[in-house]
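A.B. asks:
Protein chains in written order, with the numbering used here: chain P, 4 to 163; chain X, -13 to 347; chain C, 6 to 379; chain V, 248 to 401.
Structural data, given as structure tokens:
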């Protein structure tokens, strides 16, 4: 008799747990328009705002006078764990003194692991993270970026 | 009752053809060709729609949107997929048994199509109306397992073979339950002919007339038929997390599409049988004693009733699939032999008692 | 030396081999298991690793200690923060740097959020492996809320690189506490659904009960740690054993179960989610003011000697062993990864089980392959 | 068990053992020949009961090749670090502890793979991560990275 009771309690208990599960999914089905969490990605580009700390790519902010803050000291290059930063410096003559300045600040996006060490260690806060994340490209050369804009110079307020 | 009888239309068509070609083999051939073309078209359209429905339903269960890019609300997505599958390369396996490998998907799809022939869509709208209709449907729908077994065997892939063997064990077992649960209603109806079964539900559907045993039979039929169509939670033959894709791992292109389509069409066949046998098929909802209500119900065309019921049951099966985890093979067999079959046998006995003592409505 | 490679066996009528992986839906990555089957029964199996071996230990030997941190993200990517923390704690311990309290609190909260997110992902994948695909989307949906917090505060969603020797990279945002509380309140309404959908389900219970059994002694011998070890009753929680960061300031239970089957491991993780939430709740309102990082020298050189630092990652004890020769790079660095030890028990646990159970066992161990291959 | 008692225990089992300074735990350098018997005693003795192999690390001490073991007791919660090494760089062989700790099986294979240290009585001494055709043992200090896979920066 006990075995029969167990048989039926197994059966009905099992059915009950199945119905509880169906209740959960059924609830979502009925409330589906409200519960849908899918983001319509390419359509919501205009409204999609990334957080300001989001590590999309390394950029070098320039002000409106086309000036950046990079002195070309090479600390970012040294700190980068995988060699994604290359600095090519040149010597400029400013006020009749020879002065080191950057010629090209090359950033290899394809090698970057977004560890943030370059941005963190930069003594003059010349580097920052950009929020752009749409990097896909068919040309691998497009990942080698030159961060300083053509013709840009060092701002005056950065101490050497 | 003024439900339109489609046999008027079909007999007119028959008279027209016979008028031109005379009664005989030629007329029969032409008629069969027409029926065949109608069925294949219906098959394809319905298959595409069911795939779309499954995608949308499961998306809503899962807080997603589902296909929504191709066409309005993604309606053309399945058509695009179908075209893609048609254009894909048919991969041939070097060490596969070529003949069986190629013939397997057709066996599966033909079995499904044969079963479809007996389904009454509306009054007089069916290709075959055997007096052993239920037996015929059961016989043909279980032929599909042959195709699955052959597909698994001929692929020369161990995953496929495991899937096929699982499927074999599964369908052989669950065929019993499907049959017995339908027999329960046959006991009540006193006939195996679909048109007669539907006619018997004019006063009320069998699930109401047969009350408790009919309801139990319906539950068992739902479980067993879900298992027979190889759908989750009984999709052990595919079991994508264990066997990658089970018996159709090695298939690609249109041959894969046939397997895919047959799964959905099997689901439709099973659901339409359930709606015919338990919910009166195209018969509108009639409640004895409420003449006015019944009259209003009759205004809805029978074809709407049929598809409404069928798709409700299909929705239920999708609900199962997208809620439950998959069973293990031994649990699957335990469920059949320890639970479904004994309950079914007792149930058929109860139904017989009910019929003998007129304990039904 | 006997080569007992089962791949050299030939298929017979009774026994045959199948390759699960490196591309297989349930190995969650590029793990390859050569499974010897008899019908559906697993006779034995051999893991073949190395498909995602990147030589992180070798790379780390050439990097400075600050540069190593971002490599540890790539081990067990779901407990990236804990891995970072292990390296940082080791460096701080070796140099005897006092980390500000605020940094400790932030680290602990982010760790527990990572654990929560990792267990959510594990839950949804476990459901998916057992054939309930819907769980996958529910788990990912809830995880998104935590990842948004990470993204806002750390800049990364999965691999944050938020730790640095001495503390954390940046201070938390002012909205951090508010967002975390909202996230926990949200998840508390969803956790009962997890239980309804999967834990209570009779099919799930049948699938996991008494499969993949391993006793406490065996679990210890195989070095199983984390929820997998605790499912067998092995009390191995580093947070209790050697409290680090702010774990000595909170009260929480170490979830232990004695059954040692897949269901026990499942339940341990489910309860750990509750414990994690309780830990976060105890800390979130008490984050002290102050610096978020101690001042460190720009070039860190560890004194000569060997150091071992262990933390409790999402899947078990994550350890870092460093042999230092006083240079700015480690002479030898080794990551003790929990998944590697858990994997070694898989053969023992799955013998005699069905192939469907093997999938369930792997799921309940929650293997992350990059952590195995390193 | 205190660190001093543990040191005494180790010295009685392995007379050749020496110790180095560490704030964290007892670090003992054990001669290769005494190693297996010592670990067996450490595991089986009730006062030590080191039943949990935390970590097994291969190290190229240059010139000797060695392995560092971290053992912990699940009951008594104490931890010890054992080191053993061999001077033979051509054909280094150490004793396997797989029979005591099954966890060591894969880890010893890893050490063999990356350092080339073979282990006696190991059931399945094959490479683990790298393919069988790989030449050399990458984590050794004298390994020349010919394809320049790891040495990305300069």
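Note that the Cβ used here is the ideal one computed from N, Cα and C, for glycine as well.
Under the assumption that residue 243 (chain X) contacts residue 129 (chain X) (Cβ atoms under 8 Å), give the Cβ distance between them as a whole number of angstroms.
C.D. replies: In fact, because the Cβ distance is near 20 Å, the residues do not count as touching under 8 Å.
A.B. asks: Determine whether the Cβ of residue 9 (chain C) lies closer than 7 Å to any Cβ atom of chain X.
C.D. replies: Bear in mind that the predicted position of residue 9 (chain C) carries a pLDDT of just 46, short of 50, making it too unreliable to give a figure here.
A.B. asks: To the nearest angstrom, how far is it from the Cα of residue 325 (chain X) to the Cα of residue 334 (chain X)?
C.D. replies: Distance between the alpha carbons of residue 325 (chain X) and residue 334 (chain X) is about 14 Å.
A.B. asks: Compare the C-beta of residue 94 (chain P) with all C-beta atoms of chain C and state if any pair is closer than 7 Å.
C.D. replies: No, residue 94 (chain P) lies away from the interface with chain C (no Cβ there is under 7 Å from its Cβ).
A.B. asks: Within 10 angstroms of its Cβ, does residue 391 (chain X) collect 16 or more other Cβ (buried), or is it exposed?
C.D. replies: Only positions -13 to 347 of chain X appear in the structure, and residue 391 (chain X) is not among them; the question remains open.
A.B. asks: What distance in whole Å lies between the Cβ atoms of residue 27 (chain P) and residue 149 (chain C), which are believed to be in contact at a cut-off of 8 Å?
C.D. replies: Actually they do not touch by this definition, with Cβ atoms about 19 Å apart.
A.B. asks: If we require 4 or more residues per run, which alpha helix (DSSP H) segments fall completely within the region 320 to 344 of chain X?
C.D. replies: Taking only runs of at least 4 residues, the alpha helix (DSSP H) segments lying wholly in the region 320 to 344 of chain X are 327 to 342.
A.B. asks: Interface residues of chain V around residue 226 (chain C) at Cβ under 9 Å?
C.D. replies: Going along chain V in sequence order, the residues near residue 226 (chain C) (Cβ under 9 Å) are 298, 299, 300, 347, 348, 349 and 350.
A.B. asks: Mapping DSSP to helix, strand and coil, what is residue 98 (chain X)?
C.D. replies: Three-state result, residue 98 (chain X): helix.
A.B. asks: Once DSSP output is grouped into helix, strand and coil, what is the label at residue 93 (chain P)?
C.D. replies: Strand, per DSSP.
A.B. asks: Cβ closer than 7 Å: which chain C residues qualify as neighbours of residue 212 (chain X)?
C.D. replies: Under the 7 Å cutoff, chain C gives no residues; its nearest Cβ is about 13 Å from residue 212 (chain X).
A.B. asks: Let me confirm a value: residue 262 (chain X) is counted as buried when at least 16 other C-beta atoms fall within 10 Å, else exposed. Which label applies?
C.D. replies: The residue in question, residue 262 (chain X), is buried, as its Cβ has 16 or more Cβ neighbours within 10 Å.
A.B. asks: Interface residues of chain C around residue 325 (chain V) at Cβ under 7 Å?
C.D. replies: Within chain C, no residue comes near residue 325 (chain V); the closest Cβ sits about 11 Å away, beyond 7 Å.
A.B. asks: Under 7 Å, Cβ to Cβ, is there at least one residue of chain C near residue 329 (chain V)?
C.D. replies: So, not an interface residue.
A.B. asks: What's the C-alpha gap between residue 254 (chain X) and residue 167 (chain C)?
C.D. replies: Cα to Cα, residue 254 (chain X) sits roughly 54 Å from residue 167 (chain C).
A.B. asks: Check each residue of the region 192 to 218 of chain C: if its Cβ is closer than 7 Å to any Cβ of chain P, include it; give the result in chain order.
C.D. replies: For the region 192 to 218 of chain C, which is checked against every Cβ of chain P, the residues closer than 7 Å are 198, 201, 202, 205, 206 and 207.
A.B. asks: Can you pull the chain D neighbours of residue 31 (chain C), defined as C-beta to C-beta under 8 Å?
C.D. replies: Annotation note: the requested chain D is absent from the structure, which comprises protein chains P, X, C and V.
A.B. asks: Which residues does DSSP list as the beta-bridge partners of residue 192 (chain C)?
C.D. replies: The partner list for residue 192 (chain C) (beta bridge, DSSP) is empty, contrary to what the question assumes.
A.B. asks: Across the region 179 to 197 of chain X and the region 337 to 347 of chain X, are there enough close Cβ pairs to call them in contact, namely three or more that are closer than 8 Å?
C.D. replies: Touching, per the Cβ criterion.
A.B. asks: Any idea which residues DSSP pairs residue 324 (chain C) with across the strands?
C.D. replies: C:315 and C:341.
A.B. asks: Rounded to whole angstroms, what's the CA-CA distance from residue 8 (chain X) to residue 18 (chain X)? Just pull it up for me.
C.D. replies: C-alpha separation (whole angstroms): 15 Å.
A.B. asks: Are at least three pairs of beta-carbons, each pair with one atom in the region 160 to 180 of chain X and one in the region 97 to 105 of chain C, less than 8 Å apart?
C.D. replies: Verdict: no, contact absent.
A.B. asks: Below 7 Å between beta carbons: does that hold for residue 83 (chain C) and residue 319 (chain C)?
C.D. replies: Taking 7 Å as the Cβ cut-off, residue 83 (chain C) and residue 319 (chain C) qualify as a contacting pair.
A.B. asks: Closer than 7 Å between beta carbons: that is the criterion. Which residues of the region 48 to 59 of chain C meet it against chain V?
C.D. replies: Here the close residues are 54, 55 and 58.
A.B. asks: Going by the CB atoms, is the gap between residue 355 (chain V) and residue 343 (chain V) shorter than 7 Å?
C.D. replies: It is a contact, given that the beta carbons lie within the stated cut-off.
A.B. asks: Check the Cβ-Cβ distances between residue 337 (chain C) and every residue of chain V, and say whether any is below 7 Å.
C.D. replies: By this cut-off, residue 337 (chain C) is an interface position.
A.B. asks: Secondary structure at residue 129 (chain P), three-state DSSP: helix, strand or coil?
C.D. replies: Looking at residue 129 (chain P) - three-state DSSP - the assignment turns out to be coil, as it is neither helix nor strand.
A.B. asks: Do you know how far the Cα of residue 153 (chain C) is from the Cα of residue 325 (chain V)?
C.D. replies: Straight-line Cα distance between these residues: approximately 40 Å.
A.B. asks: For the candidate residues C:361, C:232, C:360 and C:62, whose alpha-carbon lies nearest to that of residue 388 (chain V)?
C.D. replies: With distances taken between Cα atoms, residue 388 (chain V) lies closest to C:62.
A.B. asks: Of all the CB atoms in chain P, is at least one closer than 7 Å to the CB of residue 166 (chain C)?
C.D. replies: It does: the Cβ of residue 166 (chain C) has a partner Cβ on chain P nearer than 7 Å.
A.B. asks: Within 7 Å (strictly less), CB to CB, does residue 351 (chain X) reach chain C?
C.D. replies: Here chain X covers residues -13 to 347 and nothing more, so residue 351 (chain X) does not appear.
A.B. asks: By Cβ distance, which residues of its chain are closer than 8 Å to residue 0 (chain X), with the 5 residues on each side in sequence left out?
C.D. replies: Here the set comprises 13 and 17.
A.B. asks: In the DSSP assignment, what residue or residues form a beta bridge with residue 266 (chain V)?
C.D. replies: Note: residue 266 (chain V) sits in a beta bridge opposite V:275.
A.B. asks: With DSSP as the reference, label residue 304 (chain X) as helix, strand or coil.
C.D. replies: DSSP places residue 304 (chain X) in helix when its eight states are reduced to three.
A.B. asks: Closer than 7 Å, CB to CB, is residue 372 (chain X) near chain C or not?
C.D. replies: This structure does not reach residue 372 (chain X), given that chain X is present from -13 up to 347, and the question cannot be answered.
A.B. asks: Counting contacts by CB-CB distance shorter than 7 Å, is residue 334 (chain X) in contact with chain P?
C.D. replies: Answer no: the Cβ-Cβ gap between residue 334 (chain X) and chain P never drops below 7 Å.
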